[in-house]
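Residue numbers (full-length UniProt numbering), protein chains in the order written: chain A, 1 to 148; chain B, 1 to 72.
Before any comments, here is the structure.
Encoded structure:
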């Protein structure tokens, strides 16, 4: 497995871990009724506002740990720049991410115009935000393995 | 995807040039080793600019390194 593949693999695992753990933590610490409330959306607002910095900081820490462990295990330094192959893979993966998120965004509007509970809008937005990032990473991993 | 249409002799040329490693070729062409691996396997067709840079590393013309197979 190349350095890039290992880095993306670690990123996929860390995304899954961070999102799952944070979601469990947020749900367990939520005030009763705040998740399903149709008038008070503070839970969803704080969920997103806290998730972003938490995931950024956690990913940075995990990346640093990965670089150190990889260096100790293989004595290999990661590339210090991105070349055309990296950029084309990133662009293709970003496009997939964007399509998935756009689909989720449209879908999240459905509860607002139907009788479905409003919190489903936030649930869908968060879920598809996570899914789009995850699928983008998986696509990157696939493109590094199979080519573009 | 750029598979199959463009083939190359990079692997052979590396061995003819003092058994040059993929990393050495990558450094000389200004790309990462992963990119050289993908090109050698036929998983990635490089840009024209990169193809020229790789050909120049071996002191060859671009057509001595890369071949385009017209499948029509």
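Yeah, the Cβ is synthetic: ideal placement off N, Cα and C, and Gly gets one too.
Small disclaimer: the values here were computed from a predicted structure and weren't measured.
Bounding residues of the alpha helix (DSSP H) (the contiguous stretch that carries residue i)
i: residue 85 of chain A; result: 84–108
i: residue 61 of chain A; result: 42–74
i: residue 61 of chain B; result: Per DSSP, residue 61 of chain B belongs to no alpha helix (DSSP H) and is neither H nor E.
i: residue 18 of chain B; result: It is not in any alpha helix (DSSP H) - residue 18 of chain B carries neither H nor E in the DSSP assignment.
i: residue 132 of chain A; result: 119–146
Start and end residues, beta strand (DSSP E) containing residue i
i: residue 44 of chain B; result: Run containing residue 44 of chain B: none; DSSP gives neither H nor E here.
i: residue 2 of chain A; result: Here residue 2 of chain A belongs to no beta strand (DSSP E), and DSSP marks it neither H nor E.
i: residue 156 of chain A; result: As displayed, chain A neither begins before 1 nor continues past 148, which places residue 156 of chain A out of reach and without an answer.
i: residue 81 of chain A; result: Looking at the DSSP string, residue 81 of chain A is not in any beta strand (DSSP E), and its letter there is neither H nor E.
Distance between beta carbons of residue j and residue i, contact taken as under 8 Å
i: residue 84 of chain A; j: residue 47 of chain B; result: 6 Å
i: residue 118 of chain A; j: residue 38 of chain A; result: 5 Å
i: residue 134 of chain A; j: residue 15 of chain A; result: 6 Å
i: residue 110 of chain A; j: residue 128 of chain A; result: So it is not a contact: roughly 12 Å between Cβ atoms.
i: residue 62 of chain B; j: residue 51 of chain B; result: 5 Å
Checklist entry - Just checking, does the segment 60–80 of chain A make contact with the segment 2–10 of chain A on the three C-beta pairs under 8 Å criterion? => result yes
Next on the checklist: Check whether the segment 23–37 of chain B and the segment 41–61 of chain A touch, using three or more Cβ-Cβ pairs below 8 Å as the test.
Outcome noted: no
Item to check | Interface positions of the segment 58–69 of chain B facing chain A (Cβ-Cβ less than 7 Å), listed along the chain | outcome: none
Checklist entry - If you measure beta-carbon to beta-carbon, which residues of the segment 123–146 of chain A are closer than 8 Å to chain B? => result 144 and 146
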